[in-house]
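Before any comments, here is the structure.
Numbering (the working numbering), first residue to last: 1 to 173.
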């Protein structure tokens, strides 16, 4: 990827996250990135192609973030690691997660596959722990961390660590 392509993607990500995907035109991205709109079209075809490139990059980053957790053999370590995820969003990835969560309400754009490996790991972990309904347990944790991530992205609660410790204690992990 060229330096200009990187600049376009980073600028688009920032603008999509701050202003919303629907409210950000390719001309706004071009102006903010200091490139022509034609260059965006040459590299990404259209606004959807630009979003797709951002999502591919973000998904790769997310999968590398999940990898350590998903490779754990101890089921409690897997559950603990997954519960900690929304509490450890880095500033570097903040705009991607903010955009991803905003896109959840736009069904035609949101990619649900990003959470599939996490759900599968949770089901396996709860199965190893002999949970009565591993699927429901996994879905419950996903809903919980989804709500936490939304809260962290929107308002950055000051008592994140206390909340995290309470949840870890509740799940005995």
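Note that beta-carbon positions come from the ideal geometry of N, C-alpha and C, so glycine has one too.
Query                                                                                                                                                                   : Result
For residue 2, is the classification buried or exposed, using 16 other Cβ atoms within 10 angstroms of its Cβ as the cut-off for buried?                                : exposed
Hey, out of 103, 165, 41, whose CA is closest to residue 16's CA?                                                                                                       : 103
Can you give me the C-alpha to C-alpha distance between residue 133 and residue 23, rounded to a whole angstrom?                                                        : 42 Å
Just to confirm, are residue 72 and residue 81 a CB contact at a threshold of 8 Å?                                                                                      : yes
Please state whether DSSP places residue 173 in a helix, a strand or coil.                                                                                              : coil
Comparing alpha-carbon positions, which option in 59, 91, 85 lies nearest residue 69?                                                                                   : 85
Taking 7 Å as the cut-off, is the C-beta of residue 35 nearer than that to any heavy atom in the ligand FAD?                                                            : Only the bare structure without any ligand can be found here, which leaves the ligand FAD out of the picture.
Is the separation between the beta-carbon of residue 62 and that of residue 114 shorter than 8 Å?                                                                       : yes
Cα separation between residue 118 and residue 66?                                                                                                                       : 8 Å
Tell me where the alpha helix (DSSP H) around residue 16 begins and ends.                                                                                               : 3-19
Output needed for residue 141: all residues of its chain with C-beta closer than 8 Å, excluding positions within five of it in sequence on either side, in chain order. : 79, 82, 83, 122, 171
Alpha carbon to alpha carbon, how far is residue 11 from residue 131?                                                                                                   : 45 Å
Below 8 Å on the Cβ atoms is my guess for residue 99 versus residue 13; work out the distance and round it to an integer in Å.                                          : 6 Å
Of all the CB atoms in chain C, is at least one closer than 8 Å to the CB of residue 3?                                                                                 : Absent from the structure is chain C; it holds one protein chain and no more.
Ordered along the chain, which non-local residues of its own chain (more than five positions away) have a Cβ less than 6 Å from that of residue 43?                     : 5
Assuming residue 75 and residue 129 make a contact with CB atoms under 8 Å, what is their CB distance in whole Å?                                                       : 5 Å
Using the rule of at least 16 other Cβ atoms within 10 Å of the residue's Cβ for burial, across every protein chain shown, is residue 159 buried or exposed?            : exposed
If you draw a straight line from the alpha carbon of residue 88 to that of residue 94, how long is it in whole angstroms?                                               : 10 Å
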